Amino acid sequence: MNRSIAAVLLVTILVSIAACQPKEPEIEIEEVKRIISFLSSDEMEGRRAFTPGIEKASIFLQGEFEKIGLETLDGLNDYEQSFKMFSLGIATAELTINGNAIEEENYFAVLNSKEIEWDQNSGLRIEVIGSDGNIRDTYGELRNTEDNILVLVDKAHEQLFGRYKDFLSGPSYKMELKDSGNLVFILTGEINPGEYNISIKGNLSELSLSNIVGKISGKRSDEIVLFSAHYDHIGIRPPVEGDSIANGANDDASGTTAVVSLAKYFSQMEQPERTLIFVAFTAEEIGGYGSRYFSQGTDPDKIVAMFNIEMIGKGATEGSNTAWITGFEKSDFGKILQRAVDGATYKFYADPYPDQNLFYRSDNATLARLGVPAHSISTTPIDVDPDYHQVSDEVETLDIVHMTNTIKAIAKAAATIVSGQETPSRVDPADVN
965 MNRSIAAVLL VTILVSIAAC QPKEPEIEIE EVKRIISFLS SDEMEGRRAF TPGIEKASIF
1025 LQGEFEKIGL ETLDGLNDYE QSFKMFSLGI ATAELTINGN AIEEENYFAV LNSKEIEWDQ
1085 NSGLRIEVIG SDGNIRDTYG ELRNTEDNIL VLVDKAHEQL FGRYKDFLSG PSYKMELKDS
1145 GNLVFILTGE INPGEYNISI KGNLSELSLS NIVGKISGKR SDEIVLFSAH YDHIGIRPPV
1205 EGDSIANGAN DDASGTTAVV SLAKYFSQME QPERTLIFVA FTAEEIGGYG SRYFSQGTDP
1265 DKIVAMFNIE MIGKGATEGS NTAWITGFEK SDFGKILQRA VDGATYKFYA DPYPDQNLFY
1325 RSDNATLARL GVPAHSISTT PIDVDPDYHQ VSDEVETLDI VHMTNTIKAI AKAAATIVSG
1385 QETPSRVDPA DVN
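Counting with this note's numbering, you get residues 965 to 1397 for the letters of the sequence shown.
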């Protein structure tokens, strides 16, 4: 056999071997654009919890999971993880301080109970936000309290108080009713009241919500890698230049699109070592209720990592091929991702906006409080983003190429965790507020 024939045979053999090797699945930009365009279309009406729009989004996501061929979660017959909620609004209210009636525009309440009757003899906890105080910080500290609290707000905060009232004056949504944990905020010049009377009666109704959940069973059924995003948004808003639909393309149709894309990607590979669960959480925007319900039915000790994907539709200030990770210091999850993409064009780094408390502002915090290495991955410059929670958050404002590259980078970065080569350290629940 002469050398030329041998060379041809060698090339033929190598080509045949290559052809037999399984190809790594593609995360295609056309598919990314298709999914996010549907989820953020006007037809979804902003995907607010308890609206027809989020039901349409739910049906769409279930269809995507079915096309991919995901398994249903143990105990479920389909991809819907449904649960009940209570809606609790104010039916009637009478509030007085030192005998002076409080007008409706000067109070709002976040209720856990159908009825509250408070006066100066109730042993009530009172918090004061003085002229130099901070409503946002105080509300953040109190929102998950188990106490009944009357919050007196100095009139110096009138403008910001009005914004909080607009946001919180609607019904309170609860997973269960309690006699405690009620908050009443009053804008007043009398921050040292001698006597007061707070009488509120609520309207109670029962509603239903659904997470959308699918899985790929791994060789290790007791080791789970969780990929998540929230598919709800804030719905219909006051119109701006004739547009009243807050489409939520970046927040968080982008993350939800990533979850669907990653589910398809991993479904086309060989059986993973660890079990993979893909979940689109509901009701993140009104209190993280979807992740809270999910966590109640899942053993957190089995979840080795949570990739929560939030707002990846815009390039970060550090560059379009970069993403940041919240709570970077709370486990070595971030360092594992950095090692996994070492030498690649894409980079992961610590959250550059620590003053925004972003680790606590998404569904990852619920699982982190249970010890799970649960972190959000994002790219949006949240401190200056003009479209956050605005009707302008539409797909046309996003960089779909960047978003697709980010999803690819997450797939690559997750590889060593999915394969069982690496396991992130646990989060210390005592280190999570």
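Heads up, the beta-carbon is just placed ideally off N, CA and C, and yes, glycines get one too.
Note that the coordinates shown come from a computational prediction; the quantities given were computed from them, not determined experimentally.
Endpoints, alpha helix (DSSP H) assigned at residue i
i       : result
ARG1089 : Run containing ARG1089: none in the alpha helix (DSSP H); it sits in the beta strand (DSSP E), 1089-1093.
ASN1328 : 1328-1332
ALA1304 : 1297-1304
ASP1130 : 1122-1132
ARG1256 : 1253-1260
Backbone CA spacing between residue i and residue j [nearest angstrom]
i       : j       : result
GLY1199 : GLU1069 : 23 Å
ALA982  : ALA1379 : Residue confidence is low: ALA982 scores 45 on pLDDT, short of 50, so the model does not pin down where it sits. Its coordinate-derived value is still stated next. Cα to Cα, ALA982 sits roughly 22 Å from ALA1379.
ALA971  : THR1361 : Because ALA971 carries a pLDDT of 48, less than 50, the predicted location of this residue cannot be relied on, and the following value inherits that uncertainty. Whole-angstrom Cα-Cα distance: 53 Å.
PHE1258 : PRO1202 : 32 Å
ASN1321 : ILE1381 : 26 Å
PHE1292 : GLY1097 : 29 Å
GLU1386 : VAL996  : 28 Å
LEU1151 : LEU1132 : 14 Å
ASN1285 : TYR1310 : 5 Å
VAL1365 : PHE1230 : 20 Å
ILE977  : LYS987  : Unreliable positioning characterises ILE977 in this predicted model, as indicated by a pLDDT of 46, which lies under 50. The coordinate reading is nonetheless provided below. So the alpha carbons of these two residues sit roughly 18 Å apart.
PHE1312 : TRP1288 : 5 Å
THR1330 : GLY1307 : 33 Å
LEU1034 : TYR1103 : 40 Å
GLY1261 : ASP1395 : 23 Å
THR1343 : ASP1215 : 11 Å
LEU1106 : GLU1067 : 23 Å
TRP1082 : ASN1064 : 15 Å
SER1022 : GLY1251 : 19 Å
GLY1182 : PRO1350 : 42 Å
VAL1348 : LYS1278 : 12 Å
LYS1266 : ARG1325 : 23 Å
ARG1100 : ASN1397 : 16 Å
MET907  : SER1295 : In the structure displayed, the chain extends from 965 to 1397; residue 907 sits before or after that span and is not available.
ALA1217 : THR1109 : 31 Å
Proximity of residue i and residue j at Cβ, strictly below 7 Å
i       : j       : result
PHE1245 : HIS1194 : yes
GLY1384 : GLU1237 : yes
LYS1372 : ILE991  : yes
ALA1377 : VAL1305 : yes
GLY1153 : LYS1129 : no
GLU1274 : SER1225 : no
ALA1055 : LYS1165 : yes
ILE1113 : ARG1089 : yes
SER1144 : SER1051 : no
GLU1249 : ASP1196 : yes
VAL1359 : SER1001 : yes
ASN1167 : LEU1075 : no
ILE1080 : VAL1117 : no
ILE1241 : LEU1190 : yes
PHE1029 : PHE1149 : no
PRO1135 : GLY1053 : yes
PHE1297 : PRO1388 : yes
THR1370 : ILE1276 : yes
TYR1352 : GLY1178 : no
THR1290 : ASP1315 : yes
ASP1357 : ALA1213 : yes
GLU1091 : VAL1115 : yes
Range of the contiguous beta strand (DSSP E) that encloses residue i
i       : result
LYS1078 : Run containing LYS1078: none; DSSP gives neither H nor E here.
LEU1052 : 1044-1061
MET1367 : Careful: MET1367 lies outside any beta strand (DSSP E), inside the alpha helix (DSSP H) at 1364-1377.
THR1202 : A small correction: the amino acid at residue 1202 is Pro; Thr does not occupy that position in the sequence shown. Segment 1199-1204, the beta strand (DSSP E) holding PRO1202.
GLY1020 : The sequence given here has Lys at residue 1020, not Gly. Here LYS1020 belongs to no beta strand (DSSP E); instead the alpha helix (DSSP H) covers 1016-1032.
GLU947  : In the structure displayed, the chain extends from 965 to 1397; residue 947 sits before or after that span and is not available.
ARG1238 : 1238-1245
ALA1280 : That residue, ALA1280, is in no beta strand (DSSP E); it is neither H nor E in DSSP.
PHE1323 : No beta strand (DSSP E) contains PHE1323, which DSSP labels as neither H nor E.
ILE1099 : Not the beta strand (DSSP E): ILE1099 falls in the alpha helix (DSSP H), residues 1099-1106.
CB contact check: residue i to chain C, cutoff 7 Å
i       : result
ALA1373 : As a matter of chain content, chain C is missing from the structure shown, which is built from one protein chain.
Own chain partners of residue i with C-beta closer than 8 Å, once the 5 adjacent residues on each side are dropped
i       : result
ASP1006 : ILE1209, ASN1211
GLU1122 : LEU1151
ILE993  : ILE1364, VAL1365, THR1368
Other residues of its chain near residue i: CB distance less than 7 Å, five sequence neighbours each side excluded
i       : result
VAL1355 : ARG1201, VAL1204, ASP1207, SER1208, ILE1209, ALA1210
LEU974  : Reliability fails at LEU974, whose pLDDT of 48 lies under 50, so the model's placement of it is uncertain and the value that follows must be treated cautiously. Counting only Cβ-Cβ distances below 7 Å, and skipping sequence neighbours, we find nothing.
GLY1335 : PRO1264, ARG1390, VAL1391, PRO1393
PRO1318 : none
CYS984  : Legend: pLDDT at CYS984 = 47, less than 50; position of this residue unreliable, no value from coordinates given.
VAL979  : With a pLDDT of 47 at VAL979, under the threshold of 50, the modelled position of this residue cannot be trusted, and the question is left open.
ALA1375 : ILE991, LEU1226, TYR1229
Other residues of its chain near residue i: CB distance less than 6 Å, five sequence neighbours each side excluded
i       : result
GLU1187 : ARG1238, VAL1268
GLY1254 : ASN1175, PHE1245, THR1246, ALA1247
ALA1057 : ILE1164
- Task: Evaluate the contact criterion for the segment 1042-1052 versus the segment 1148-1160: three or more CB pairs, one atom per stretch, below 8 Å.
- Result: no
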